[in-house]
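Report on the following structure.
Number of protein chains: 2
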Amino acid sequence: MCIVNTTSTDADIEIHGWVKSVRVQKNVSFAEINDGLSFRGIQAILTKEQAKELTTGTSVKLRGRLVESIGSEQNRELQVDQVEILGKCDAATYPLQKKHHSFDYLREISHLRPRSNTFSALARVRNCAITGFENFFQKNEFLRVHTPILTASDCEGGSKVFKISTSHQPVRPTACNSSGNNLEYFDKPVYLTVSGQLHAEIMASSLSRVYTFGPVFRAEESVTSRHLAEFWMHEAEIAFLTQLADLLEFTEECIRSTTTHILESLSTDIDFFRKWIDAHLISRLESLNGAQFTRMTYTEAINILSNSKRKFEFTPKYGTTLKSEHEKFLANEHCRAPVFITDYPKSIKPFYMRMNNDGETVACFDLLVPKIGELVGGSLREERYEQLESQMIEKGLNVDEYQWYLDLRKYGSVPHGGFGIGFDRYLQFVTGIDNIRDVVAFPRAVGQCRF
Amino acid sequence: MCIVNTTSTDADIEIHGWVKSVRVQKNVSFAEINDGLSFRGIQAILTKEQAKELTTGTSVKLRGRLVESIGSEQNRELQVDQVEILGKCDAATYPLQKKHHSFDYLREISHLRPRSNTFSALARVRNCAITGFENFFQKNEFLRVHTPILTASDCEGGSKVFKISTSHQPVRPTACNSSGNNLEYFDKPVYLTVSGQLHAEIMASSLSRVYTFGPVFRAEESVTSRHLAEFWMHEAEIAFLTQLADLLEFTEECIRSTTTHILESLSTDIDFFRKWIDAHLISRLESLNGAQFTRMTYTEAINILSNSKRKFEFTPKYGTTLKSEHEKFLANEHCRAPVFITDYPKSIKPFYMRMNNDGETVACFDLLVPKIGELVGGSLREERYEQLESQMIEKGLNVDEYQWYLDLRKYGSVPHGGFGIGFDRYLQFVTGIDNIRDVVAFPRAVGQCRF
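Sequences listed follow chains A and B, in order.
Following full-length UniProt numbering, the numbering of the first sequence begins with 1 at its first residue and continues without gaps.
Following full-length UniProt numbering, the numbering of the second sequence begins with 1 at its first residue and continues without gaps.
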């Protein structure tokens, strides 16, 4: 709550905020005022007359004196001298009355939902997570770089991508019209990036340690609680890194450090999520500081899944990707903790991952966490020219288009590796919120683009 | 330069990096090694034999002892015991030999140019500017929010926008093909955002003080030294703000604070730009800490321009936008300092700016800085329902589509204002680099989308 800094009570102060609730009593009235900057607002003590026009949602400027609270809920209250109504709020039509609202309903009024307890707490956790990651990378002497959103290359190969064009008017399916093509503006097809990794590798091949924080896009065709068409990622690339084990260590430290920062900075907000969303939240987050995350190879994971008594919809089988149900079993039930799955077969991973000596698996990992599944993915990158080129050919890439990427292996190539963290999924992880649509202010998914 | 932290010389250490230059002499050889994390690398002292395979661009791991330098250029040198070549670099074909390269040439090899002095210095300034802005907003208790990149609304109205679609294959202009339309994926036309402002206003109407840092897009049709199709902006929205003067004050403090942070953190890099790019750079940046930025109204600016003896291509005239030549005259010549131009006529500004009492001008500003022109634009936002609605109608907006925006004025409306800072232009400002294509690693503009 933004009040003039004062440690003494009895000081004459002014506050701004929105009325969250009002209790009009016979001799005295109470209003809870909040400006969104902290979980606890301030309780204002008013006369019945002063409280008359205050309804939930009204914005006000109050002048008065801070006094010691008699009740136990807050330390200080504002004994109001003067009320100025900034913006009225019609109680008859205001969509966010003080009562329980379902997440489904709140999503319908996403222009007002940051005023709810859950979404204002989320906004503060989001901000705190951002500073937590920033602090971590800066402390470790990484340079933040900007990789492009508009790109002519497709990092993952085979991801569903969005194409861009400059035509202002939408092309109607009924019209024979070529103005939807993007050759108008660029001299080639251009897409929204699915990952900044390849560009980040350019930067790491000069600057040693870099990270990005930006939006990426996948034209996912199904609606799930973990996928969005637009989401933010941290991607890191580290030159002179030779061991996958070191990359796991660093990734673990990154998650741990940021989570500790949030727990220390926003205990009231996190406790709110524990109370209302996920009773085991805090113990789960605090347990990150205990033992090292579990590590197992993909082969071991397949064996565990195969030997489990669990009936899966998809039978776990070497050479196939782990499905969501497999990931959840491993993290939620088998390990009950974050687990790194490493060394997947090359056949199910992208061309840029570094080949292991077995010629069959690649030096990569997925970090699975309880409730969420995959939170981070990373690998050593293939730094050997011939091996990389042969993987590109094997995966059907146009080698000429990626000559710039091969050049990084031609001129002073360095062993390196990196990872990408789904930032919005991380917010699910630290708040316990089930649906990724409820951690993002304006979620984008198939058929969904409000505002 | 990343070396094991040690203050004593004579310590046994290991360094990684790329060879920037080699001097082979009769008895002893020298190689300059840099890892991109700081301007100064380290000078390695080797035997002729050890230096044999080192060429510019080669990546190496060196082991040896730090010794006091005899020369004056650096304090310590590495007396090399052991050389390990990580990646060779063929001197015959390496595109980035140690010699002067033009910016035009370097743009052609943008996958290697972060290894050049200019572009590695730029990468460090970019990182430092990011932390400078972050520190400023966080210190002032702003919450960082994410506004969407994919959007169904067009903030500026009339900006040239990019439309998105999901078709994987580019639509050829010769084909009669409707697969370029974006109704495939979303249920309405969807564009790349030109500004996060309207969404940031949603957040500020609940959380009081918010800022964004993200990419925005304009399908600019001309190639200039100040425009890109994709660039990053900081946008801030501040609730309970009633005076334009306070917004100017805050904007000024934001620029000043970040610039001071850079000057203090990266003096060697900034001095490099002073030496090679812009001799007046440091004095210009340091002068920000002197007097308040100049303030004048648009009307005063038009009078100054009209009364100047300068022959402009476009005659300055009340009611028309200021052209680049006008902005440069005001900042570079008339004020020789940053200048806020305020209170433009409503006819040349967007619908959301707050009407002044004269009914003719709006409470807005552009901040013009020497060499660059417009760096920041901001305004108070119209918080009065009727006035806003009437401006929307006057500007031809579809009021129904913006009902959510009007709702913010219906339910607990608050006076507020905000601004947007072109981040890449700011980098031009603090480095003196003329062309915005040379401060962005992978610039996007009409016909330009490499990698």
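The beta carbon of each residue, even a glycine, is placed where N, CA and C say it ideally should be.
is_contact[A123 (chain B), chain A] using C-beta, thresh 9 Å: The count along the second sequence starts at 1 and reaches residue 123 (chain B) at position 123. Taking Cβ atoms only, chain A reaches closer than 9 Å to A123 (chain B), which makes this a yes.
Opposing strand residues paired with K163 (chain B) [DSSP bridges]: By 1-based counting over the second sequence, the position of residue 163 (chain B) is 163. Residue pairing from DSSP places K163 (chain B) in a beta bridge opposite A:S165, B:Y191.
Status (buried if at least 16 other CB within 10 Å, exposed otherwise) for I262 (chain A): In the first sequence, counting from the first residue as 1, residue 262 (chain A) sits at position 262. I262 (chain A) is buried by the Cβ-count criterion.
Contact with chain A by K395 (chain B), beta-carbon distance below 9 Å: Working through the second sequence from its first residue, we reach residue 395 (chain B) at position 395. Judged by the 9 Å Cβ criterion, K395 (chain B) is not in contact with chain A.
Nonlocal neighbours in the same chain, by C-beta distance under 7 Å from N135 (chain A), ignoring five residues either side: The residue you call residue 135 (chain A) lines up with position 135 of the first sequence. So the qualifying residues of the chain are H261.
L380 (chain B): CB within 8 Å of a non-hydrogen atom of the ligand SAM: Looking at this structure, you won't find the ligand SAM or any other ligand, since it has none at all.
I348 (chain A) versus F340 (chain B) - alpha carbon distance: One-based indexing of the first sequence puts residue 348 (chain A) at position 348. One-based indexing of the second sequence puts residue 340 (chain B) at position 340. About 56 Å.
Where V399 (chain A) falls, given that 16 or more other Cβ within 10 Å makes a residue buried: Against the first sequence, residue 399 (chain A) aligns to sequence position 399. Exposed, by the Cβ-count rule.
Distance CB(R336 (chain A))-CB(E382 (chain A)) smaller than 9 Å: By one-based count along the first sequence, residue 336 (chain A) stands at place 336. By one-based count along the first sequence, residue 382 (chain A) stands at place 382. Not closer than 9 Å, so no.
Under the three-state DSSP convention, the category G373 (chain A) falls into: Here residue 373 (chain A) refers to the residue found at position 373 of the first sequence. Here DSSP, grouped into helix, strand and coil, assigns G373 (chain A) to strand.
Nearest-angstrom Cα separation, counted from S102 (chain A) out to D438 (chain A): Your numbering for residue 438 (chain A) matches position 438 in the first sequence. Your numbering for residue 102 (chain A) matches position 102 in the first sequence. Rounded to the nearest whole angstrom, the CA to CA distance from D438 (chain A) to S102 (chain A) is 11 Å.
4-residue-minimum alpha helix (DSSP H) runs that sit fully inside the segment 99 to 148 of chain B, ordered along the chain: The qualifying runs are 103 to 108, 117 to 139.
Residue from B:Q82, B:I255, B:T212 with nearest C-alpha to G64 (chain B): On the second sequence, position 64 is the one that residue 64 (chain B) refers to. Closest option to G64 (chain B), judged by alpha-carbon separation, among B:Q82, B:I255, B:T212: B:Q82.
Three-way DSSP call (helix, strand, coil) for N435 (chain B) in this model: Within the second sequence, numbered from 1, the residue matching residue 435 (chain B) stands at position 435. If DSSP states are grouped into helix, strand and coil, N435 (chain B) belongs with coil.
Where S206 (chain A) falls: helix, strand or coil (DSSP): Here the question's residue 206 (chain A) lines up with position 206 in the first sequence. S206 (chain A): helix per DSSP, three-state reduction.
Range of the contiguous beta strand (DSSP E) that encloses K20 (chain B): Here residue 20 (chain B) refers to the residue found at position 20 when the second sequence is read from its first residue. Counting along the chain, the beta strand (DSSP E) containing K20 (chain B) begins and ends at 12 to 24.
Proximity test, Cβ basis, 9 Å: D90 (chain B) and chain A: Walking along the second sequence from the start, residue 90 (chain B) turns up at place 90. Closer than 9 Å to the CB of D90 (chain B) there is at least one CB belonging to chain A.
Boundaries of the beta strand (DSSP E) in which D45 (chain A) is found, first to last residue: Sequence index remark: in the first sequence, residue 45 (chain A) carries index 45 (1-based). According to the sequence shown, residue 45 (chain A) is Ile rather than Asp. Segment 42 to 46, the beta strand (DSSP E) holding I45 (chain A).
S29 (chain A), enclosing beta strand (DSSP E) - first and last residue: One-based indexing of the first sequence puts residue 29 (chain A) at position 29. Note, S29 (chain A): beta strand (DSSP E), 29 to 34.
Chain-ordered residues of the segment 209 to 220 of chain A with a beta carbon less than 9 Å from chain B: Of all residues in the segment 209 to 220 of chain A, the ones placed with a Cβ closer than 9 Å to any Cβ belonging to chain B are R209, V210, F213, G214, P215, F217, A219, in chain order.
Under 9 Å between C-beta atoms of P370 (chain A) and R284 (chain A): Within the first sequence, numbered from 1, the residue matching residue 370 (chain A) stands at position 370. Within the first sequence, numbered from 1, the residue matching residue 284 (chain A) stands at position 284. Closer than 9 Å, so yes.
Sequence-distant residues of its chain with Cβ nearer than 6 Å to Y185 (chain B) (five each side left out): Position 185 of the second sequence holds residue 185 (chain B). In its chain, beyond the 5 residues on either side, T166 have a beta carbon closer than 6 Å to the beta carbon of Y185 (chain B).
C335 (chain A) (DSSP reduced to helix, strand or coil): Taking the first sequence and counting its residues from 1, the one referred to as residue 335 (chain A) is at position 335. In the structure shown, C335 (chain A) sits in a helix (DSSP, three-state: H, G or I).
Exposure of N127 (chain A), with buried meaning 16 or more beta-carbon neighbours within 10 Å: In the first sequence, the residue the question calls residue 127 (chain A) occupies position 127. With 16 or more other Cβ atoms within 10 Å, it is buried.
Exposed unless 16 or more other CB atoms sit within 10 angstroms - verdict on T268 (chain A): Within the first sequence, the letter at position 268 stands for residue 268 (chain A). Sixteen is the threshold: since fewer than 16 other Cβ atoms of the shown chains lie within 10 Å of the Cβ of T268 (chain A), the residue is exposed.
Inter-residue Cα distance where the pair is V24 (chain A) and W18 (chain A): As a working note, residue 24 (chain A) is residue 24 in the first sequence. As a working note, residue 18 (chain A) is residue 18 in the first sequence. Between V24 (chain A) and W18 (chain A), the C-alpha separation is close to 17 Å.
CB contact check: Q292 (chain B) to chain A, cutoff 9 Å: As a working mapping, residue 292 (chain B) is identified with position 292 in the second sequence. Closer than 9 Å: no.
Pick from A:T259, A:L322, A:E286, A:A204 that is closest to F133 (chain A), judged by C-alpha positions: The residue you call residue 133 (chain A) lines up with position 133 of the first sequence. It is A:T259 whose Cα lies nearest to the Cα of F133 (chain A).
Host beta strand (DSSP E) of D81 (chain B) (start-end): Here residue 81 (chain B) corresponds to residue number 81 of the second sequence, with the count starting at 1. For D81 (chain B), the uninterrupted beta strand (DSSP E) segment begins and ends at 76 to 87.
Chain B contact for V19 (chain A) (CB, 9 Å cutoff): Your numbering for residue 19 (chain A) matches position 19 in the first sequence. Cβ-Cβ to chain B under 9 Å: yes for V19 (chain A).
Length-filtered (3 minimum) beta strand (DSSP E) runs lying within the segment 344 to 431 of chain B: Those beta strand (DSSP E) runs which fall completely within the segment 344 to 431 of chain B and span 3+ residues are 364 to 369, 373 to 381, 416 to 422.
8 Å CB neighbourhood of E325 (chain B) in its chain, flanking five on each side removed: The sequence position of residue 325 (chain B) within the second sequence is 325, counting from 1. So the list reads F312, E313, F314, once near-sequence residues are dropped.
Y105 (chain B) to V60 (chain B) span [Cα, whole Å]: By one-based count along the second sequence, residue 105 (chain B) stands at place 105. By one-based count along the second sequence, residue 60 (chain B) stands at place 60. Y105 (chain B) and V60 (chain B): Cα-Cα distance of roughly 26 Å.
K160 (chain B) at chain A interface by Cβ criterion, 9 Å: Residue numbering aside, residue 160 (chain B) sits at position 160 when the second sequence is read from its first letter. Yes - at least one Cβ of chain A is within 9 Å of the one on K160 (chain B).
CB of L78 (chain A) within 9 Å of CB of I15 (chain A), strictly: Translated into the one-based positions of the first sequence, residue 78 (chain A) becomes position 78. Translated into the one-based positions of the first sequence, residue 15 (chain A) becomes position 15. Contact flag set, yes.
Proximity below 9 Å, CB of E32 (chain A) to CB of I42 (chain A): Translated into the one-based positions of the first sequence, residue 32 (chain A) becomes position 32. Translated into the one-based positions of the first sequence, residue 42 (chain A) becomes position 42. Yes, Cβ-Cβ distance for E32 (chain A) and I42 (chain A) is below 9 Å.
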